[in-house]
Amino acid sequence: GFEAEYYPLFFQGFLEKICPLAYDYLILGQHFTGNEIGEIYTGTPSPGGKERLQTYVNQCLEGMKTGKFSYLAHPDLIQTNVKSSVLRGELVRLCQGVKELGYPVEINFLGMRDHRAYPTVELYQAAAETGCDVIFGVDAHSPDVFLDQNTLKRARKIVNAYGLHLVKTLQIRNAEEEMPKQCHRMNNHDNAPYNASACNE
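Under the working numbering, the first residue of the sequence shown carries the number 1489, and numbering increases by one thereafter.
And the structure:
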């Protein structure tokens, strides 16, 4: 699978581009707003305050509403100069929206391992307040991190401390489902080969 952005202008073309790769799932990681061009990385502290935060939340929700993603990665990646109460309020809105769509939000292990600004207390509070499911995401930029038991233990303590509902199995949402039928991989009961060329027809 892939962690991918939701850029409205390019999203359909992106789906068509990755169709031949026979992927299993997508997760949404919104690193830029808009269509990325001319935008600032969301994890960079920058001015814009509440408006920038709201734009980020809106775009994450729009992306999840496409039904193409299995969950929302590092939902609290966004860095803005707002008060904790404002951040929490917007993360409540985000978690509520994601919950209503039937998806979990991620507690990101990369942020924990590298002592980044996320995951945040405000996310834990928002997930607890809304009852939004959470899922652990290793965010493995190298394979050795799968052996990192310390981060897993820390994450479990957070789940217990905030009374969060941890999802241990995930319903895969495959974005190929609405692509041309010829582009779909055949199921386990069909020995016909996967027709990648059909994606470009």
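Cβ atoms here follow ideal geometry from the backbone N, Cα and C, with glycine treated the same way.
Quick check on this structure: which residue in the options has the alpha carbon closest to the alpha carbon of residue i?
| i | options | result |
| --- | --- | --- |
| Ser1558 | Glu1527, Leu1565, Leu1549 | Leu1549 |
| Pro1592 | Tyr1544, Phe1520, Ala1616, Asp1636 | Ala1616 |
| Ser1572 | Gln1584, Leu1509, Leu1541, Ala1561 | Leu1541 |
| Val1622 | Pro1535, Tyr1494, Ala1561, Gly1536 | Ala1561 |
| Met1600 | Thr1530, Asp1627, Phe1499 | Asp1627 |
| Gly1489 | Ala1510, Phe1499, Pro1496, Gly1501 | Ala1510 |
| Pro1631 | Leu1598, Gly1619, Gly1501 | Leu1598 |
| Ser1534 | Asp1512, Ile1646, Val1570, Cys1507 | Val1570 |
| Tyr1650 | Cys1620, Leu1582, Gln1637 | Cys1620 |
| Pro1563 | Glu1491, Asp1512, Lys1645 | Glu1491 |
| Asp1602 | Ile1528, Leu1582, Asp1636 | Asp1636 |
What do you reckon, are the CB atoms on residue i and residue j nearer than 8 Å?
| i | j | result |
| --- | --- | --- |
| Tyr1692 | Leu1652 | What the structure shows of the chain is the stretch from 1489 to 1689, and residue 1692 is not part of that stretch, so it cannot be assessed. |
| Lys1538 | Val1586 | no |
| Met1552 | Leu1514 | no |
| Lys1505 | Arg1661 | no |
| Arg1576 | Ala1614 | yes |
| Thr1554 | Tyr1494 | yes |
| Phe1624 | Ile1595 | yes |
| Thr1618 | Gln1584 | yes |
Assuming residue i and residue j are in contact, meaning their beta carbons sit under 8 Å apart, how far apart are those beta carbons, in whole angstroms?
| i | j | result |
| --- | --- | --- |
| Ile1566 | Tyr1544 | 4 Å |
| Thr1530 | Gln1518 | 7 Å |
| Asn1523 | Leu1497 | 4 Å |
| Leu1658 | Glu1610 | Between Glu1610 and Leu1658 the Cβ distance is about 24 Å, and since that is not below 8 Å, they are no contact. |
| Gln1547 | Thr1521 | 5 Å |
Tell me, please, which residues DSSP counts as bridged to residue i.
| i | result |
| --- | --- |
| Ser1534 | Thr1568 |
| Leu1560 | Leu1516, Val1593 |
| Ala1492 | Leu1516 |
For the beta strand (DSSP E) containing residue i, list its first residue and its last residue.
| i | result |
| --- | --- |
| Glu1527 | Run containing Glu1527: none; DSSP gives neither H nor E here. |
| Ile1506 | Careful: Ile1506 lies outside any beta strand (DSSP E), inside the alpha helix (DSSP H) at 1499–1506. |
| Val1622 | 1622–1625 |
Would you kindly report the start and end of the unbroken alpha helix (DSSP H) that includes residue i?
| i | result |
| --- | --- |
| Val1609 | 1609–1618 |
Closer than 7 Å to a non-hydrogen atom of the ligand ATP - does that hold for the CB of residue i?
| i | result |
| --- | --- |
| Ile1566 | Looking for the ligand ATP in the displayed structure turns up nothing, as the structure carries no ligands at all. |
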